[in-house]
Amino acid sequence: MTDPVTEHVPGFVASGVACGIKESGEPDLALVATADGRPVPAAAVFTSNLAPAAPVQVTRAHLEATGGYASAVVINSGNANAATGVTGREHAERTCALVAEGLGCQPEEVLVCSTGLIGIPLPFAALESGMAPLLASRHASGYPHAALA
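What follows is the structure, encoded as structure tokens:
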């Protein structure tokens, strides 16, 4: 049996990089996207918490705006971007815009997920600096790199 993480999924690409969100230098930014940037049906399960993190708010709004379609999911680890107020929401929206610009899709077609420390502002400059390498390294066999992030 083959390892499903190392197998590619037809029509999709992935990548993962270390952008500096984690002080350890470990991979912390991942992308899974349609190979052609076109949106496909998407679904998500969200927390029932009355104070959802910025990425949850943004992803929920994007799925609603597109009628349940997405071209990409961008994920960071090391910082949850939770309990970060308006700035956190702006960072989540800007993350989607950067991915959309690189893929040639609409920002609403990008979903965003974050996991890690709560209540600490997302080091957005680090995330932003990792965006070009993340987008440039996406590949049909990039799933192991995405999984590490």
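For reference, each letter of the sequence shown is one residue, going -18 to 130 in the numbering used here.
Quick reminder that beta carbons are idealized off the backbone N, C-alpha and C, glycines included.
As the structure is a prediction and not an experimental result, all values here were calculated from the model.
{"Query": "Span separating the alpha-carbon of A106 from that of A113", "Result": "12 Å"}
{"Query": "Helix, strand or coil at F105 according to DSSP, with G and I counted as helix", "Result": "helix"}
{"Query": "Three-state secondary structure assigned by DSSP to V(-6)", "Result": "strand"}
{"Query": "The stretch -4 to 15 touching the stretch 25 to 35, judged by at least three CB pairs closer than 8 Å", "Result": "no"}
{"Query": "T68 classed as buried or exposed, judged by whether at least 16 other C-beta atoms fall within 10 angstroms", "Result": "exposed"}
{"Query": "Bridge partners - I56, DSSP secondary structure assignment", "Result": "A11, C94"}
{"Query": "CB-CB length for N60 against P36, believed under 8 Å", "Result": "At roughly 10 Å, the Cβ-Cβ gap does not stay under 8 Å, so N60 and P36 are not in contact."}
{"Query": "Where the alpha helix (DSSP H) containing P125 begins and where it ends", "Result": "124 to 129"}
{"Query": "Check whether A14 and A46 have beta carbons under 8 Å apart", "Result": "no"}
{"Query": "Close beta carbons around M(-18), own chain, < 8 Å, minus the five adjacent residues each side", "Result": "In this prediction, M(-18) scores a pLDDT of 43, lower than 50, which makes its location untrustworthy; the coordinate-derived value is nonetheless stated afterwards. Same-chain partners within the cutoff: there are none."}
{"Query": "8 Å contact criterion, which P20 and A51 should meet: CB distance rounded", "Result": "6 Å"}
{"Query": "Coarse secondary structure for A113, derived from DSSP in three states", "Result": "helix"}
{"Query": "Same chain, Cβ closer than 7 Å to E89, five either side skipped, listed in chain order", "Result": "H43, A46, T47"}
{"Query": "Residue burial classification, I99 (beta-carbon count within 10 angstroms, cutoff 16)", "Result": "exposed"}
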